[in-house]
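Asks: Residue numbers (UniProt numbering), protein chains in the order written: chain Y, 1 to 524; chain S, 1 to 317. Take this structure, written in structure tokens, and hold onto it; I'll ask about it next.
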Amino acid sequence: MATQYGVQLAVHLISSHFGNLVAKVCDCLLRKGTLTLASVIRFTELPPQQVKSCILVLIQHNCVQAFAIQQEVGFGEAPRVVTQYMALFHNILHRMRFAKFLAIVSEELDKECEEILEGLLQHGRLTLEQILDRAKSNQSEGEPVVQDALRESFLKLVRAHFVERCPASEPFLAPPSEEETPARKRGAKSAKLVEEPQTIEQRAIAAAAPMDAKRFSVIINTGTDVDDSPNVTAGEKRKQDALELDKETGASCEKDVLWRANFEEFVRCLRHKACIANVKTRLDDGAAIVLSAMLEATRSEEKKVKTENSVPLSMDTIFEGVMKSEAGRSMTLERVRGSLIQLGCAPCVRGAAESYSVDLKNIIELAQNDEVESITLKRYGRDAYRIFRLLSKSCRLLETDKISDTTFVEKKDTAKILYQLWKDEYLQMEKLNLHGSRQSQFLLWKVTKDTLWGHVLNEMYHSALNLSLRVAYELEQEQEIIQLPREKRVGALGNRFERLRKVRILLESSLMKLDDAIMLFNDF
Amino acid sequence: MPFSDRRVPMPNINGRSEPSFYALFISTLRKAPCLSPSPNAAFRSISEFKPPRPLPSSCLSNSDHCSHYFPQVILILGMSRSQGLSLKRKRPDTNAASQPLLDAERVLYDLIRSKEDMGIWTRDMKRETNLPDNVVTKSLKALQVKKLIKEVVNIQSKGRKHYMAVEFEPSKELTGGAWYVEGNLDTEYIKILKETCVKVLSKLKVATAEGISESINKTGLCATECSTQQIAEILRALVLDNEIMEVRSSGSGEFSSIPIGAVCYRCTNKGGLGGGGPKIGAMASIPCGVCPRITQCTPDGIISPKSCAYYAKWLDF
Numbered sequence: 001m002a003t004q005y006g007v008q009l010a011v012h013l014i015s016s017h018f019g020n021l022v023a024k025v026c027d028c029l030l031r032k033g034t035l036t037l038a039s040v041i042r043f044t045e046l047p048p049q050q051v052k053s054c055i056l057v058l059i060q061h062n063c064v065q066a067f068a069i070q071q072e073v074g075f076g077e078a079p080r081v082v083t084q085y086m087a088l089f090h091n092i093l094h095r096m097r098f099a100k101f102l103a104i105v106s107e108e109l110d111k112e113c114e115e116i117l118e119g120l121l122q123h124g125r126l127t128l129e130q131i132l133d134r135a136k137s138n139q140s141e142g143e144p145v146v147q148d149a150l151r152e153s154f155l156k157l158v159r160a161h162f163v164e165r166c167p168a169s170e171p172f173l174a175p176p177s178e179e180e181t182p183a184r185k186r187g188a189k190s191a192k193l194v195e196e197p198q199t200i201e202q203r204a205i206a207a208a209a210p211m212d213a214k215r216f217s218v219i220i221n222t223g224t225d226v227d228d229s230p231n232v233t234a235g236e237k238r239k240q241d242a243l244e245l246d247k248e249t250g251a252s253c254e255k256d257v258l259w260r261a262n263f264e265e266f267v268r269c270l271r272h273k274a275c276i277a278n279v280k281t282r283l284d285d286g287a288a289i290v291l292s293a294m295l296e297a298t299r300s301e302e303k304k305v306k307t308e309n310s311v312p313l314s315m316d317t318i319f320e321g322v323m324k325s326e327a328g329r330s331m332t333l334e335r336v337r338g339s340l341i342q343l344g345c346a347p348c349v350r351g352a353a354e355s356y357s358v359d360l361k362n363i364i365e366l367a368q369n370d371e372v373e374s375i376t377l378k379r380y381g382r383d384a385y386r387i388f389r390l391l392s393k394s395c396r397l398l399e400t401d402k403i404s405d406t407t408f409v410e411k412k413d414t415a416k417i418l419y420q421l422w423k424d425e426y427l428q429m430e431k432l433n434l435h436g437s438r439q440s441q442f443l444l445w446k447v448t449k450d451t452l453w454g455h456v457l458n459e460m461y462h463s464a465l466n467l468s469l470r471v472a473y474e475l476e477q478e479q480e481i482i483q484l485p486r487e488k489r490v491g492a493l494g495n496r497f498e499r500l501r502k503v504r505i506l507l508e509s510s511l512m513k514l515d516d517a518i519m520l521f522n523d524f
Numbered sequence: 001m002p003f004s005d006r007r008v009p010m011p012n013i014n015g016r017s018e019p020s021f022y023a024l025f026i027s028t029l030r031k032a033p034c035l036s037p038s039p040n041a042a043f044r045s046i047s048e049f050k051p052p053r054p055l056p057s058s059c060l061s062n063s064d065h066c067s068h069y070f071p072q073v074i075l076i077l078g079m080s081r082s083q084g085l086s087l088k089r090k091r092p093d094t095n096a097a098s099q100p101l102l103d104a105e106r107v108l109y110d111l112i113r114s115k116e117d118m119g120i121w122t123r124d125m126k127r128e129t130n131l132p133d134n135v136v137t138k139s140l141k142a143l144q145v146k147k148l149i150k151e152v153v154n155i156q157s158k159g160r161k162h163y164m165a166v167e168f169e170p171s172k173e174l175t176g177g178a179w180y181v182e183g184n185l186d187t188e189y190i191k192i193l194k195e196t197c198v199k200v201l202s203k204l205k206v207a208t209a210e211g212i213s214e215s216i217n218k219t220g221l222c223a224t225e226c227s228t229q230q231i232a233e234i235l236r237a238l239v240l241d242n243e244i245m246e247v248r249s250s251g252s253g254e255f256s257s258i259p260i261g262a263v264c265y266r267c268t269n270k271g272g273l274g275g276g277g278p279k280i281g282a283m284a285s286i287p288c289g290v291c292p293r294i295t296q297c298t299p300d301g302i303i304s305p306k307s308c309a310y311y312a313k314w315l316d317f
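Structure below.
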């Protein structure tokens with residue numbers, strides 16, 4: 001969600017990585033939306049060549065997507081095709097968490113894989129040849145580069161879906177035909193199933209994305225097609241056959257294939273980690289181990305990042321997964337069953353077997369509630385915390401006195417707290433006038449999560465921006481100290497350097513922790 | 001049992017039962033224009049009453065004349081006509097009749113008494129009686145001196161002067177209920193109860209509200225006995241404090257003694273004895289997360305991360 005401070009944070013990230021000119025172009029696209037080159041030039045008032053270079057940099061680093069669209073012109077004139085550019089807000093924010101992506105690969109794969117990923121994150125997108133060349137240039141003298149080992153590391157990354165083929169650079173979006181049916185309504189009860197028409201940006205992303213069969217497919221020099229796309233359907237078979245035909249020219253085509261980090265997979269991993277951490281804190285270690293085993297077993301089968309329920313698994317598979325982990329080795333089947341009950345998994349009978357699925361959406365919502373309640377407690381105090389939790393749990397309008405009675409807060413204090421929370425946009429308020437023997441006015445209060453979550457997310461972006469700016473400010477203030485050689489950093493200078501080191505650690509670790517919270521509200 | 005169906009008791013009068021007297025008496029009450037909304041109370045008062053002398057025969061056929069012979073019946077009926085007898089009356093009505101009251105005092109006193117345990121605000125008195133302010137003030141003082149009325153605190157509006165007849169106790173709407181004392185929340189009592197509930201739940205591991213209430217009352221952990229309803233209210237507040245959580249019994253394991261589906265409670269990992277409360281979130285850990293000036297803060301403004309006093313304090317190692 002690109003809120004006011006979300007945009008400012010994104011622009012700050014681009015500025016610190018690529019400079020002010022690129023940041024200016026990015027700012028224009030984020031604030032004005034999808035634009036043509038001519039419009040960007042007009043709004044930024046920069047020379048055309050500079051604007052082009054900036055857009056190319058942003059495309060290279062997966063921060064902008066181009067697409068071609070047919071533009072209607074005047075009567076009698078043939079329609080013309082124009083290229084438009086859209087900023088990819090989420091991908092820009094991912095630049096804040098490259099260190100987390102590297103840590104995931106380091107933990108799950110190996111150092112070589114981590115180095116390949118580092119190259120892809122640094123350069124945005126690379127061909128396999130460029131990856132190998134980079135590895136060669138990074139190796140110290142005398143240390144031979146084993147090409148096969150590097151290719152193998154690269155394949156590991158693709159098999160794990162951490163690396164993917166880049167999307168098409170400029171897909172053409174055909175104009176929607178008149179026969180296309182509008183959103184189908186299936187009755188009042190299934191309002192959620194109303195299909196909202198896709199925005200042009202969503203259509204562009206979908207059109208640019210490589211086909212599932214090709215996305216994680218690598219053709220290496222031997223001509224062997226390494227296809228790691230799971231569950232290839234019959235419909236995809238024809239596309240795979242087409243790929244086979246390309247094999248003859250495969251080697252030369254594949255040389256030009258660009259690869260990039262697959263942010264979707266990293267976000268999925270981080271989402272799983274967040275769920276496991278929440279369960280560990282809220283329930284116990286056993287439940288966390290069971291959940292971890294379930295998610296690891298089904299990660300490649302999840303269709304989308306924000307999947308509501310984990311893929312169903314049988315008890316045997318779950319138990320097997322638990323036994324594989326070191327921490328789970330001592331768990332008995334009974335204990336695993338108990339943990340599944342704690343996780344709220346009701347067994348679902350499919351044929352002869354029972355299967356279990358965890359409500360991940362619920363875990364994420366609980367984690368979001370915890371975060372907002374924590375802010376309320378720290379900012380407004382314990383009474384406000386109790387009041388906020390009451391309103392958050394009840395999901396309906398409650399009257400002031402009722403709130404006071406339930407939370408054991410004095411009536412006049414309750415009114416003050418409610419007013420303050422409302423002023424800061426944490427609550428919604430409605431007035432109810434009763435006309436009886438005496439006219440009375442009652443104030444009713446409610447937490448509206450959608451609105452509040454958006455407000456909290458904007459504050460988080462603002463705080464992340466502040467942390468980043470403060471780091472930059474501290475480094476700027478101590479520029480001289482940083483440039484001093486180590487032996488000269490003694491006495492007072494040494495103390496200043498030590499202080500700067502602690503300040504950086506505190507600010508940067510706080511930023512990483514805050515980024516976890518941002519992902520909780522934005523990406524999970 | 002409806003009033004009309006109740007069998008009329010028949011005391012002896014001059015050694016003879018007089019069913020016809022009571023039948024006449026009941027029929028008189030039934031004809032009364034404004035019978036008490038609580039006829040049982042009226043009936044109780046009447047059944048205790050014994051006529052001072054035998055009824056003249058003329059009275060048996062003419063119900064209107066009965067009232068002359070029963071001045072206390074007039075009083076009961078008179079009271080019925082006003083607001084009806086209150087079941088909540090604590091003491092017998094003896095003082096009012098005996099104290100000589102001025103007209104204004106009488107009017108005000110009758111009005112105040114009619115409000116029973118709800119009492120009445122001075123402004124409402126003035127509106128209903130149309131008496132001048134100074135007369136009302138003087139009369140109220142006099143009634144207080146004569147110990148006929150008292151001032152009570154109304155929790156809904158503590159600033160207002162609220163009066164009530166002395167024989168009534170303020171209702172829950174005025175006092176705020178069991179959790180209020182002298183118009184203020186009894187925070188100390190609530191705190192003690194909360195701590196006691198958490199202690200008991202830590203020992204029991206998982207329990208219903210009834211179970212906890214029973215445990216507290218049995219072991220005498222609290223000086224005053226608490227109802228299950230009161231304990232349930234305290235537990236609800238503890239859930240909101242995140243000290244305990246509400247769960248449903250599965251009927252097995254630790255829930256084996258609790259019926260399936262019953263609402264019960266257990267301590268949270270964060271709560272419980274020495275639990276320390278909820279975990280601090282990411283936003284709450286940084287100055288911006290709790291800053292009262294966040295809306296005025298801008299990258300290059302007067303309030304900015306570079307000039308922020310909270311940051312300076314946070315980074316002061």
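Ideal placement from N, C-alpha and C gives every residue a C-beta, glycine not left out.
Taking Cβ to Cβ, would you say Phe162 of chain Y is nearer than 8 Å to Val105 of chain Y?
Replies: Yes, Cβ-Cβ distance for Phe162 of chain Y and Val105 of chain Y is below 8 Å.
Asks: Can you give me the Cβ contacts of Phe263 of chain Y inside the same chain, cut-off strictly under 7 Å, excluding the 5 residues immediately before and after it?
Replies: Result list for Phe263 of chain Y: Asn91 and His94, in chain order.
Asks: Let me know if Arg271 of chain Y comes out buried or exposed under the rule of 16 or more other beta-carbons within 10 Å of its beta-carbon.
Replies: Buried, by the Cβ-count rule.
Asks: Determine, using beta-carbon pairs with one atom in the segment 385-400 of chain Y and one in the segment 438-457 of chain Y, whether at least three such pairs fall under 8 Å.
Replies: The segment 385-400 of chain Y, when compared against the segment 438-457 of chain Y, does touch it at the 8 Å Cβ threshold.
Asks: Please report whether the beta-carbon of Gly261 of chain S lies at a distance below 8 Å from any beta-carbon of chain Y.
Replies: With 8 Å as the cut-off, Gly261 of chain S does not count as an interface residue toward chain Y.
Asks: Which first and last residues belong to the beta strand (DSSP E) in which Ser217 of chain Y is found?
Replies: From DSSP, the beta strand (DSSP E) with Ser217 of chain Y extends over Ser217 to Ile219.
Asks: Cβ atoms of Trp259 of chain Y and Ile120 of chain Y: under 8 Å apart, would you say?
Replies: One point to set straight first is that residue 120 of chain Y is Leu, not Ile, in the sequence displayed. Contact: yes.
Asks: Can you say whether Lys24 of chain Y is buried or exposed, counting buried as having 16 or more other CB atoms within 10 angstroms of its CB?
Replies: By the 10 Å Cβ count, Lys24 of chain Y comes out buried.
Asks: Please list, in chain order, the chain S residues whose beta carbon lies closer than 9 Å to that of Asn458 of chain Y.
Replies: Those do not exist, as Asn458 of chain Y stays about 10 Å from chain S at its closest Cβ, beyond 9 Å.
Asks: Could you tell me the alpha carbon to alpha carbon distance between Glu246 of chain S and Gly344 of chain Y, rounded to whole angstroms?
Replies: Going from the Cα of Glu246 of chain S to the Cα of Gly344 of chain Y covers about 14 Å.
Asks: To which residues of the same chain is Ala104 of chain S closer than 7 Å at the C-beta, ignoring the five residues directly before and after it?
Replies: Excluding residues within five positions, the ones whose Cβ falls inside 7 Å are Leu131, Val135 and Ser139.
Asks: Buried or exposed: where does His435 of chain Y fall if 16 or more other Cβ atoms within 10 Å of its Cβ makes it buried?
Replies: His435 of chain Y is exposed by the Cβ-count criterion.
Asks: Report the rounded CA-to-CA distance for Lys304 of chain Y versus Lys156 of chain Y, giving the unit in angstroms.
Replies: About 21 Å.
Asks: What does the alpha-carbon distance come out to for the pair Gln4 of chain Y and Asn466 of chain Y?
Replies: Distance between the alpha carbons of Gln4 of chain Y and Asn466 of chain Y is about 14 Å.
Asks: Nearest by alpha-carbon distance to Gln8 of chain Y: which of Y:Ala207, Y:Phe98, Y:Ile200 and Y:Asn458 is it?
Replies: The candidate whose alpha carbon is nearest that of Gln8 of chain Y is Y:Asn458.
Asks: Tell me which residues share the same chain as Phe172 of chain Y and place their Cβ nearer than 6 Å to its Cβ, disregarding the 5 neighbours each side in the sequence.
Replies: Hits under 6 Å: Ala68.
Asks: Chain S beta carbons: is any one of them nearer than 8 Å to that of Thr406 of chain Y?
Replies: Thr406 of chain Y counts as touching chain S.
Asks: Counting only the same chain and skipping the five closest in sequence on each side, list residues whose C-beta sits under 8 Å from that of Leu102 of chain Y.
Replies: Glu114, Leu117, Glu118 and Leu121.
Asks: In the DSSP assignment, find the unbroken alpha helix (DSSP H) run with Asn458 of chain Y in it and report its ends.
Replies: Per DSSP, Asn458 of chain Y belongs to the alpha helix (DSSP H) from Lys449 to Gln477.
Asks: Asn466 of chain Y CB to nearest chain S CB: under 8 Å?
Replies: Chain S, which has a Cβ nearer than 8 Å to the Cβ of Asn466 of chain Y, makes this yes.
Asks: By the 10 Å Cβ neighbour count, where 16 or more other Cβ atoms means buried, how is Ser215 of chain S classified, buried or exposed?
Replies: With 16 or more other Cβ atoms within 10 Å, it is buried.
Asks: On the DSSP letters alone, give me the boundaries of the beta strand (DSSP E) that Met86 of chain Y sits inside.
Replies: Where Met86 of chain Y is concerned, the enclosing beta strand (DSSP E) stretches over Arg80 to Ala87.
Asks: Would a check of beta-carbon distances place Lys136 of chain Y closer than 8 Å to chain S?
Replies: No, no contact with chain S.
Asks: Using a beta-carbon distance below 8 Å, is Val166 of chain S in contact with chain Y?
Replies: No, Val166 of chain S lies away from the interface with chain Y (no Cβ there is under 8 Å from its Cβ).
Asks: Mark Ser440 of chain Y as exposed unless 16 or more other C-beta atoms lie within 10 angstroms of its C-beta, in which case mark it buried.
Replies: It is exposed - the Cβ of Ser440 of chain Y has fewer than 16 other Cβ atoms within 10 Å.
Asks: Using a C-beta to C-beta distance shorter than 9 Å, which residues of chain Y count as neighbours of Trp179 of chain S?
Replies: The answer, in chain order, is Asp405 and Phe408.
Asks: Since Ile112 of chain S and Tyr163 of chain S are thought to touch, with beta carbons under 8 Å apart, how far apart are those beta carbons, to the nearest angstrom?
Replies: Right, their Cβ atoms sit about 5 Å apart.
Asks: Which residues in the same chain as Val22 of chain Y place their Cβ atom closer than 8 Å to its Cβ, once the five residues preceding and following it in sequence are excluded?
Replies: Counting only Cβ-Cβ distances below 8 Å, and skipping sequence neighbours, we find Ile14, Ser15, Cys54, Val57 and Leu58.
Asks: Determine the burial state of Gln368 of chain Y: buried for a count of at least 16 other Cβ atoms within 10 Å of its Cβ, exposed for fewer.
Replies: The residue in question, Gln368 of chain Y, is buried, as its Cβ has 16 or more Cβ neighbours within 10 Å.
Asks: Below 8 Å, how does it come out for the segment 305-313 of chain S and the segment 276-294 of chain S: are there three or more Cβ pairs, yes or no?
Replies: With the cut-off at 8 Å, the segment 305-313 of chain S and the segment 276-294 of chain S touch.
Asks: Can you give, in chain order, each stretch of the alpha helix (DSSP H) that sits fully within the segment 203-234 of chain S and has at least 4 residues?
Replies: If we require 4 residues or more, the alpha helix (DSSP H) runs fully inside the segment 203-234 of chain S come out as 209-219.
Asks: Given that Ile375 of chain Y touches chain S, what residues does it touch there, using C-beta distances under 8 Å?
Replies: Result: Gly281, Met283, Ala284, Gly289 and Val290.
Asks: In whole angstroms, what is the alpha-carbon distance linking residue 318 of chain S and Tyr265 of chain S?
Replies: This structure does not reach residue 318 of chain S, given that chain S is present from 1 up to 317, and the question cannot be answered.
Asks: Can you have a look at Lys306 of chain Y and say buried or exposed, based on whether 16 or more other CB atoms are within 10 angstroms of its CB?
Replies: The residue in question, Lys306 of chain Y, is exposed, as its Cβ has fewer than 16 Cβ neighbours within 10 Å.
Asks: For Tyr426 of chain Y, which residues in chain S fall below 9 Å Cβ to Cβ?
Replies: None at all; the shortest Cβ gap to chain S is about 13 Å.
Asks: Identify whether Val105 of chain Y lies in helix, strand or coil by the three-state DSSP scheme.
Replies: In the structure shown, Val105 of chain Y sits in a helix (DSSP, three-state: H, G or I).
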